[in-house]
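Letter 206 of the sequence shown, counting from 1, is numbered 206 in my numbering, and no numbers are missing. For every residue, glycine included, the Cβ atom is placed at its ideal position computed from N, Cα and C. On a predicted model such as this, the values are computed, not experimentally measured, just so you know.
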Amino acid sequence: MLTALIAYYLIASLALFLFAVCSNKNALHAFGYGIALNIFPLATVPAMSMDLARIAGMPLAYLPITCAGLALAVRNYGRLPRSYRLLLALSVIYCIYAFFTTVILGGATAPNLAYWFAWPLNFLIFFSAAAFFSRTDTASANKVIKSTVMILVFGCLVGLGRYALGISIDANFMPVVNRNGTVVFIVMIFPLLFYIYKEERKSAWWLLFCITCIGLTLSLTFSRSGLIGLLAGIFLYYMRFTLAGILKLAAAVLVITAITFSGVADQSMQRLASVSTTTKMLMHGEDMNNSMSDYNRVMLLKGAIATAKDNFWFGTGLGLDNYRKGFRKVSDYVRDSKAHNFYISYFAELGIIGFGLLLTILFLISRKLYPLSSPHKAFKVSFLVIAIMMTMNEYILLPEIWFFFGMLAGMSSITGRTAQAARPIRVQPIPGYWNDPRPQRFTSRSPHG
């Protein structure tokens, strides 16, 4: 089974690279094709752990998007807009810093090199996508977004079918991606559904159908973070105190509520309820026991905080091996895996210097996206939802995230570039002549009478 999957991913990823590198038209849809290769050809394949489905330390599911990003890098011929120079410089500094703390101080082991190499690779994917899509037009960008959204909706239908037929124990529609990875893909793209609804002037029934499919899939994936991210996306998008905004928000929440209380998502509701119970106990200083569902998560979180304090300035270095060394010094908890929180885990790995540099990079990326005051605010909502999701897990190394936001950052520059090109040319007045804004009359009469 594993050998067949490796062969499939190698052949499919190579084919996608060759297809995308042939022309700009093909490269436009490389992201959607990369996602689709993880869904539709594997619709009947049983789920397999990402820890097993790997090649050279990289999860097989990362290969299609990585090859798509590399194809865009080839198509760019090294071109990058000038506005990205600061971001590029900070990314290079970050990679040098991470190499020093991870490989030089932590040791030049294969796992350390693999963890470090993922960063320059993801930066390359981001800058390649941003540069490529900054040269597209609005119509092409809308086609890419629409196809991406439809792949998500059809993927959700595949997940529901897999669950109904008993192929999978949940509605995860990516067999070689764990449910957390699938959930982040769903929630990341979900706000673009509202973008297409508005730009393409789709019917309310179309929007309702798509939201129902996505909400039902998340509920049957039994992911608390997915439901929280979905509700956060709806709230951030319709966060306007107008009658229309309130009605749309209420309608979307009503659909999600109907799904969650219909009985098909009891397990998801129980997991959400446990979050409230755990939070109340921690706020009141009560001790938890190992029979509670969130006991492991809380203990890992406490260990991560202690590790971050003990390695405040420079961190433990990237990677699970380096993290475990620091974790074991400050905690005797038997399970020494990472905490399910990007901000705390990567603070522990990078220290205040490296983590501050990384947050600066992410902030500058967010500035490239349309603001929340824009009609295209779905781009920024997607970014904010992922920022919220990272409080519940570590998704930062997913190449899909870097490709996706590079793509949106490039598209966000299209409107500004078009407006600048359409701006009327201002003619400077000739010195010595009166600059009268009124239209002048020219006659054949001599100025001397």
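Assigned secondary structure, residue i (DSSP; H/G/I helix, E/B strand, else coil)
i            : result
valine 275   : For valine 275, the predicted model reports a pLDDT of 47, less than 50, meaning its position is unreliable; a value from the coordinates is still stated below. DSSP places valine 275 in helix when its eight states are reduced to three.
arginine 335 : coil
arginine 54  : strand
proline 46   : coil
proline 120  : helix
proline 111  : helix
proline 375  : coil
proline 399  : helix
tyrosine 9   : helix
proline 64   : helix
proline 41   : helix
arginine 423 : In this prediction, arginine 423 scores a pLDDT of 45, lower than 50, which makes its location untrustworthy; the coordinate-derived value is nonetheless stated afterwards. Arginine 423 falls in the coil class under three-state DSSP.
glycine 285  : Low local confidence applies: a pLDDT of 48 at glycine 285 is under 50, so the model's placement there is unreliable, with the coordinate-based value given in what follows. Coil, per DSSP.
Beta-carbon proximity of residue i to residue j, cut-off 8 Å
i                 : j                 : result
isoleucine 353    : tryptophan 313    : yes
glycine 406       : isoleucine 125    : yes
alanine 387       : alanine 339       : no
alanine 61        : tyrosine 33       : no
phenylalanine 403 : isoleucine 55     : no
isoleucine 196    : valine 153        : no
alanine 378       : phenylalanine 194 : yes
serine 134        : glycine 410       : yes
proline 399       : asparagine 76     : no
proline 191       : valine 330        : no
threonine 217     : leucine 165       : no
alanine 111       : glycine 57        : The sequence shown places proline at residue 111, rather than the alanine named in the question. In this structure, glycine 57 lies closer than 8 Å to proline 111 by Cβ.
glycine 356       : threonine 102     : no
tyrosine 343      : threonine 391     : yes
arginine 480      : leucine 300       : The question about residue 480 has no answer here: the residues shown for the chain are numbered 1 through 449.
alanine 141       : isoleucine 414    : yes
methionine 389    : glycine 215       : no
Contact set for residue i: own chain, Cβ-Cβ below 7 Å, skip 5 residues either direction
i                : result
leucine 157      : Cys213
alanine 129      : Gly69, Leu72, Phe403, Gly406, Met407 and Gly410
valine 45        : Pro175
isoleucine 167   : Thr44 and Pro46
serine 412       : Lys368, Leu369, Tyr370 and Phe379
glycine 226      : Val183, Ile186, Val187 and Leu218
phenylalanine 99 : Trp116
leucine 80       : Leu88, Phe127 and Ala131
Cβ-based neighbour list, residue i, same chain, cut-off 8 Å, excluding 5 preceding and 5 following
i              : result
serine 49      : Asn178
isoleucine 365 : Leu87, Phe126, Phe383, Phe405 and Ala409
isoleucine 189 : Thr148, Val149, Leu152, Ser382 and Phe404
lysine 198     : Pro375
lysine 202     : Ile196
arginine 328   : Asp336
Residue i CB to nearest heavy atom of the ligand NAP below 7 Å
i          : result
tyrosine 8 : Inclusion of the ligand NAP in the displayed structure is not the case, the ligand content being empty and no account of it being possible.
Top-ranked residue by Cα proximity to residue i, from the options
i                 : options                           : result
serine 139        : Ile234, Glu200 and Ile93          : Before going further, note that residue 139 is alanine rather than serine in the sequence given. Alanine 139 has its Cα closest to that of Glu200, out of Ile234, Glu200 and Ile93.
glycine 326       : Arg224, Leu350 and Asn341         : Leu350
tyrosine 9        : Leu28, Pro175, Ile104 and Leu397  : Pro175
phenylalanine 127 : Gly78, Leu216, Gly317 and Ala110  : Gly78
phenylalanine 363 : Leu216, Tyr84, Ile211 and Leu208  : Tyr84
arginine 297      : Ile6, Pro46, Lys198 and Asn393    : Asn393
proline 375       : Tyr323, Gly315, Tyr238 and Leu358 : Tyr238
phenylalanine 173 : Ile401, Val187 and Gly155         : Gly155
valine 92         : Val74, Phe117 and Ile104          : Phe117
tyrosine 323      : Asn142, Tyr346, Asn341 and Lys198 : Tyr346
isoleucine 211    : Ser225, Ile228, Ile234 and Lys198 : Ile234
isoleucine 396    : Leu113, Ser373, Leu227 and Leu358 : Leu358
glycine 315       : Lys202, Ala348, Tyr333 and Thr136 : Ala348
isoleucine 401    : Ala4, Ile35, Asn24 and Cys22      : Ile35
leucine 5         : Cys22, Pro59 and Ser23            : Pro59
Cutoff 6 Å; reference residue i; Cβ partners in own chain excluding five residues on either side
i             : result
asparagine 26 : Phe19 and Ala20
histidine 448 : Confidence at histidine 448 is low in this model, with a pLDDT of 47, below 50, so its placement is unreliable and no value can be given for it.
tyrosine 97   : Gly354
leucine 236   : Val381 and Leu384
isoleucine 11 : none
arginine 162  : Ser168
leucine 372   : Lys380
cysteine 95   : Trp119 and Pro120
Whole-number beta carbon distance between residue j and residue i, since they are thought to touch under 8 Å
i             : j                 : result
aspartate 170 : phenylalanine 222 : 6 Å
alanine 30    : leucine 16        : 7 Å
threonine 109 : aspartate 321     : 7 Å
valine 144    : leucine 28        : 6 Å
glycine 319   : glycine 181       : That belief does not hold up - the Cβ atoms of glycine 319 and glycine 181 are roughly 19 Å apart, past 8 Å.
leucine 2     : alanine 53        : 7 Å
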